[in-house]
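Asks: Please read through the structure below; I'll follow up with questions.
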DNA sequence: CAGTATCCCCCCGGATACTG
DNA sequence: CAGTATCCGGGGGGATACTG
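Protein chains in written order, with my numbering: chain C, 3 to 130; chain F, 3 to 130.
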């Protein structure tokens, strides 16, 4: 599996119309690019985290959305949930091997965004 | 040491909390991961396209959302809009250099999603 | 052809309260 | 601590009609 083919769309089978509607890829894309999906995956890419740590790490996320996002990503097999049957409960979240593969593609993207965000939001003219 | 540092978040400057809320990176992330942002950028990564071509290429997008998405991406300096003053009008959309840099990070992601979507939506158990 | 304008609904997602 | 339950408002986003 060569990396060079990663940039050849033809090799991925969505030559004609980017992606057909109602196909699995669209579903996964929606999950990943959901409002908090990327940030959860990025957060877990560094280390496994507990619920409360995730909540504090991803600034601004609500409990509802954290739970919802984690459930979706877990159902997709991207995030692993490990609950200790202790009192008080302790639950650790981490990436599955599949999730790690995905995160490896997300990190360069996020890195680029972090690097260029200031220029982008400022606008081409004003940045100049 | 080439790609490996891409996996070190510290190198990108969002060590502490993934990304601060209300920061430029969040804004750009929201634009890119908007419902149609990724698909528009991917579509334009192969070739510049006219309005109607984009509409047909990105299956399922409405005129309203195509216009909205294009305006956002153009304002961000990621997409270039070139209108010919002819009748009937002809407008070409393409990626700016900045947009191309971004697309180069999006393509591996989309490729991976296309490759693994079937397994993901099927679920780990059933896929097994 | 390349878009606006308009109507309108769904549901995403936030806030708050509560529980094992 | 790690969530669920419930309420609720705004706006994301679809469908249709219209225009230069």
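Think of the CB as a built atom: it goes at the ideal place given N, C-alpha and C, for glycine as much as any other residue.
In this structure, how does DSSP classify residue 6 of chain C when only helix, strand and coil are distinguished?
Replies: Any reading at residue 6 of chain C must be qualified, since the residue scores a pLDDT of 37, below 50, and its modelled position is unreliable; the value itself is stated next. Three-state DSSP puts residue 6 of chain C in a helix.
Asks: Which residues, in order along the region 93 to 111 of chain C, keep a beta-carbon less than 9 angstroms from a beta-carbon of chain F?
Replies: Those would be 98, 100, 103, 104, 105, 106, 107, 108, 109, 110 and 111, in chain order.
Asks: Which residue's Cα is closest to the Cα of residue 99 of chain F: F/112, F/47 and F/119?
Replies: F/47
Asks: Is there at least one Cβ from chain F nearer than 8 angstroms to residue 30 of chain C's Cβ?
Replies: yes
Asks: Taking residue 96 of chain C as part of the beta strand (DSSP E), name the residues at either end of that continuous run.
Replies: 92 to 97
Asks: Going along the chain, which residues of the region 44 to 75 of chain C sit with their C-beta nearer than 8 angstroms to a C-beta in chain F?
Replies: Correct list: 44, 45, 47, 48, 58, 59, 60, 61 and 62.
Asks: Decide if the region 54 to 73 of chain F is in contact with the region 67 to 75 of chain C; the criterion is three or more beta carbon pairs, one per stretch, under 8 angstroms apart.
Replies: no
Asks: Using a Cβ-Cβ distance cut-off of 8 angstroms, determine whether residue 41 of chain C contacts chain F.
Replies: yes
Asks: Any idea if residue 85 of chain C is buried or exposed, counting beta-carbon neighbours within 10 angstroms, 16 or more meaning buried?
Replies: exposed
Asks: On a Cα-Cα basis, can you pick out the residue from C/24, C/122 and C/53 that is closest to residue 81 of chain C?
Replies: Nearest option by C-alpha distance: C/53.
Asks: Quick one: which chain C residues come within Cβ less than 7 angstroms of residue 114 of chain F?
Replies: 103, 104 and 107
Asks: Between the C-alpha atoms of residue 49 of chain C and residue 60 of chain F, what's the straight-line distance to the nearest angstrom?
Replies: Between residue 49 of chain C and residue 60 of chain F, the C-alpha separation is close to 36 angstroms.
Asks: Quick check on residue 119 of chain C - is its C-beta less than 8 angstroms from some C-beta in chain F?
Replies: yes
Asks: Within 8 angstroms of any Cβ in chain C, is that where the Cβ of residue 82 of chain F sits?
Replies: So no, residue 82 of chain F is outside the interface.
Asks: Cutting at 8 angstroms between CB atoms, please list the residues of its own chain near residue 110 of chain C, excluding the five before and the five after it.
Replies: Excluding sequence neighbours, residue 110 of chain C sits near nothing in its chain.
Asks: How would you write the range of the alpha helix (DSSP H) that residue 40 of chain F sits in, first residue to last?
Replies: 39 to 48
Asks: Which one or two residues does DSSP pair with residue 84 of chain F in a beta bridge?
Replies: F/94
Asks: Any contact between the region 109 to 123 of chain F and the region 103 to 119 of chain C? By contact I mean 3 or more CB pairs, one from each, below 8 angstroms.
Replies: yes
Asks: So, using beta-carbon positions, are residue 123 of chain F and residue 26 of chain C closer together than 8 angstroms?
Replies: yes
Asks: Does the beta-carbon of residue 23 of chain F have 16 or more other beta-carbons within 10 angstroms, so that it is buried, or is it exposed?
Replies: exposed
Asks: Quick one: grab the DSSP three-state call for residue 108 of chain C.
Replies: helix
Asks: Rank C/21, C/112, C/96 and C/97 by C-alpha distance to the C-alpha of residue 58 of chain F and give the top, closest one.
Replies: C/21
Asks: As a quick exercise: from F/69, F/68 and F/38, pick the residue whose alpha carbon is nearest that of residue 28 of chain C.
Replies: Per the Cα distances, F/38.
Asks: Going along the chain, which residues of its own chain have a beta-carbon closer than 8 angstroms to the beta-carbon of residue 44 of chain F, five neighbours each way excluded?
Replies: 105, 108, 109 and 112
Asks: Per DSSP, residue 1 of chain F forms a beta bridge with which residues?
Replies: Only positions 3 to 130 of chain F appear in the structure, and residue 1 of chain F is not among them; the question remains open.
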